[in-house]
Ligand code: SF4
Ligand code: SF4
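Numbering (the UniProt record's numbering), first residue to last: 1 to 435.
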C-alpha cells in the first residue's frame with residue numbers, strides 16, 4: 001500500500017455523495033473515506049487485514065466516482081487495486097468454491113484467447129441446444145455456479161477474427177493513419193459486431209486497421225481482482241501482439257479495458273525493459289471516441305433516409321467518464337448525427353451496477369443500482385440508449401428486458417457506423433448491440 005497516496009486524503013468527505021454504495025447504505029464504512037481509513041489503519045499496523053475488510057473492498061464497485069469527486073486528487077484506483085492484491089495474498093477469503101472459481105476463470109480461461117474462444121463455442125452450443133438450462137437440474141453443483149451459468153450472455157456465432165481481417169485498408173487506398181484495433185475478451189465473444197463497426201468507422205475515417213487475430217484479455221479483470229502478476233503476463237502478451245512502433249494509435253471501444261490499457265507501465269518495475277515498452281504502448285492507446293474527435297471524424301451527412309428523428313440518450317460507463325475522463329467526446333459524436341435529438345440522462349455517470357463481475361458477486365446492491373438507472377432511462381423518453389462498455393450494455397439490457405421495455409441499446413460507434421452505412425444502403429433500422 002502506497003502510504004503517500006493514503007496520506008493525501010484529508011477526510012473532507014466531498015466524495016461521499018458520489019459513492020453509489022454510500023448513497024444506498026449511508027454507512028461510513030461503505031464510503032470511499034471509510035475504506036481509505038481502513039486501508040490506512042492496516043498500512044500503519046493499527047489493524048489486521050480481516051475478512052470484514054476484504055468483504056468491504058469487494059463491496060466497493062471500483063467505479064472511481066470518488067476519484068472524480070476528490071478535490072485533492074486521491075488516486076483511489078491504485079489504493080483499490082493494491083488492497084485487493086493484499087487481500088488475495090492474505091487468503092482471508094479463501095474457500096474451496098471461491099478458489100476453484102477464481103482459478104478456472106481468472107487463471108485458466110481468461111489467460112488464453114484459444115481457451116476462451118473454445119469455451120465460447122461450447123457455451124454457444126449449450127445455449128443453442130437449451131442444454132445450459134439443464135444445469136439447474138444438477139443439485140450437486142453449487143447454487144452460485146448454477147446461477148452463474150444461467151446468467152451468462154448469449155455467445156455470438158462468429159468472433160472478431162472471423163469478422164475482421166488482420167490488416168484492412170480504407171477504400172481507395174487513402175490511408176491517413178495506421179491504427180491497431182483491440183477486440184477484447186467479453187466484447188469478442190458477445191459483441192464482435194461492435195468490433196466490426198469500429199473497424200468500419202476507422203476505415204471510413206482514413207485509418208488503416210491492424211487487428212491481430214490472436215488477442216487475449218487485457219488483464220483489467222485480473223488487476224481489479226488482485227491478480228497483478230497475471231495482469232502483467234497478459235499486458236506483455238498484448239504488447240507483443242501489435243506492431244506498436246508502426247502505429248499512430250491503438251484503439252479500444254470498451255471503457256473498462258481502456259481504463260486499464262492506458263496504464264500498462266504501472267504494472268512493471270521502473271527502469272525495466274518492459275516498463276519502457278509499456279510506456280510507449282500507453283502513449284498510443286486511445287478510446288475510439290477520443291481518437292475520432294482527435295483526428296476530426298467525418299460527420300455523417302443527412303440523407304433521405306435520415307429524415308425521421310430519433311431521441312437518443314447516453315449512459316456514461318464508469319471507466320470511461322471517471323477512469324479516462326472521457327465525457328464530451330461520445331456526446332459530441334451522438335449530437336452530430338443527422339436528426340438525432342440528444343437528451344441527457346439524469347445521473348448519467350452513476351454506476352449501473354454491472355462493474356465487471358460485481359453484478360454476480362453482489363447481486364443485491366447491483367440490482368438496486370440497475371433499477372435506479374432504468375428509472376432514469378424511462379424519464380428521458382428516449383427510444384435509443386447508448387453506452388460504450390460491454391458490461392453496461394449487458395446489464396442495462398437485462399434491466400430493460402425485466403421491465404419489458406423495448407429501447408434500442410447500442411454502442412455509440414455502432415450508431416455512427418449505421419449512419420455512415422445509410423449513405424450507401426436503404427436500411428432505416430437502428431442497430432442493436434444485442435447479446
Ligand atoms: S470506487 Fe465507487 S463504490 Fe468504491 S468507494 Fe469509490 S465511489 Fe464508492
Ligand atoms: S478521498 Fe478525497 S474527497 Fe474523499 S475524503 Fe479523501 S480527500 Fe476527501
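Every residue, glycine too, gets a C-beta built ideally from N, C-alpha and C.
1. Specify whether the region 346-365 and the region 278-291 touch according to this definition: at least 3 beta carbon pairs, one from each stretch, less than 8 Å apart.
2. Kindly indicate which three-state DSSP category residue 410 falls into: helix, strand or coil?
3. Measure the alpha-carbon distance for residue 147 versus residue 208 and round it to whole angstroms.
4. Under the three-state reduction of DSSP, which class applies to residue 426: helix, strand or coil?
5. Does DSSP put residue 313 in a helix, a strand or coil?
6. Return the CA-CA distance between residue 219 and residue 231, expressed in angstroms with no decimal places.
7. Using DSSP with H/G/I as helix, E/B as strand and the rest coil, what is residue 167?
8. So what does DSSP say about residue 66, is it helix, strand or coil?
9. What's the call for residue 2, buried or exposed, on a 16-neighbour Cβ count within 10 Å?
10. So what's residue 419 in DSSP terms, helix, strand or just coil?
11. Going by CA-CA distance only, name the one from 368, 343, 117 that's closest to residue 386.
12. Determine the direct distance from the alpha carbon of residue 165 to that of residue 241, and round the result to whole angstroms.
13. Would you say residue 108 touches ligand 1, meaning its beta carbon is less than 7 Å from a heavy atom?
14. Hey, could you find the ends of the alpha helix (DSSP H) residue 277 is sitting in?
15. Between residue 9 and the rest of its own chain, which residues show a CB-CB distance below 6 Å, the 5 nearest in sequence each way excluded?
16. Whole-angstrom Cβ separation of residue 187 and residue 113, contact assumed at under 8 Å?
17. In this structure, what does DSSP give as the bridge partners for residue 252?
18. Quick check: what's the CA-CA separation for residue 398 versus residue 295?
19. Whole alpha helix (DSSP H) runs in the region 126-194 with 4 or more residues, listed along the chain?
20. Per DSSP, which one or two residues make a beta bridge with residue 318?
21. Assuming residue 251 contacts residue 198 under a Cβ cut-off of 8 Å, what Cβ separation, rounded to an integer in Å, is found between them?
22. If you compare alpha carbons, which of 143, 17, 290, 235 is closest to residue 333?
23. Residue 195 and residue 298 - do their beta-carbons sit closer together than 8 Å?
24. At what residues does the alpha helix (DSSP H) containing residue 59 begin and finish?
25. Name, in chain order, the residues that DSSP records as bridge partners for residue 342.
26. Pull up the distance between the alpha-carbon of residue 151 and that of residue 33, whole angstroms please.
27. For residue 256, is the beta carbon positioned less than 7 Å from some heavy atom of ligand 3?
28. So what does DSSP say about residue 218, is it helix, strand or coil?
29. Residue 423 to residue 301, Cα distance in whole Å?
30. In the DSSP assignment, what are the bridge partners of residue 207?
31. Using C-beta distances below 7 Å, list every residue in its chain close to residue 335, excluding the 5 sequence neighbours before and after it, in chain order.
32. Going by the C-beta, is residue 21 closer than 7 Å to any heavy atom of ligand 1?
33. In chain order, what residues of the same chain have a beta carbon less than 8 Å from the beta carbon of residue 190, not counting five sequence neighbours either side?
34. Just the Cα atoms here: how many angstroms apart are residue 265 and residue 271?
35. Have a look at residue 76 and residue 101 and give me their C-alpha separation to the nearest angstrom.
36. Thinking just about the alpha-carbon of each residue, which of 64, 90, 45, 24 is nearest to the one in residue 54?
On the basis of the coordinates in this document:
1. no
2. strand
3. 43 Å
4. In this prediction, residue 426 scores a pLDDT of 44, lower than 50, which makes its location untrustworthy; the coordinate-derived value is nonetheless stated afterwards. Note: residue 426 maps to coil in three-state DSSP.
5. strand
6. 4 Å
7. strand
8. helix
9. exposed
10. helix
11. 343
12. 15 Å
13. no
14. 273-284
15. 36, 74
16. Actually they do not touch by this definition, with Cβ atoms about 12 Å apart.
17. 287
18. 35 Å
19. 143-151, 160-163, 186-190
20. Bridge partners of residue 318: none, in fact.
21. 7 Å
22. 290
23. no
24. 51-59
25. 312
26. 33 Å
27. With respect to small molecules bound, the structure shown includes ligand 1 and ligand 2 and not ligand 3.
28. coil
29. 8 Å
30. 177
31. 342
32. yes
33. 153, 154, 155, 156, 390, 394, 435
34. 10 Å
35. 27 Å
36. 90
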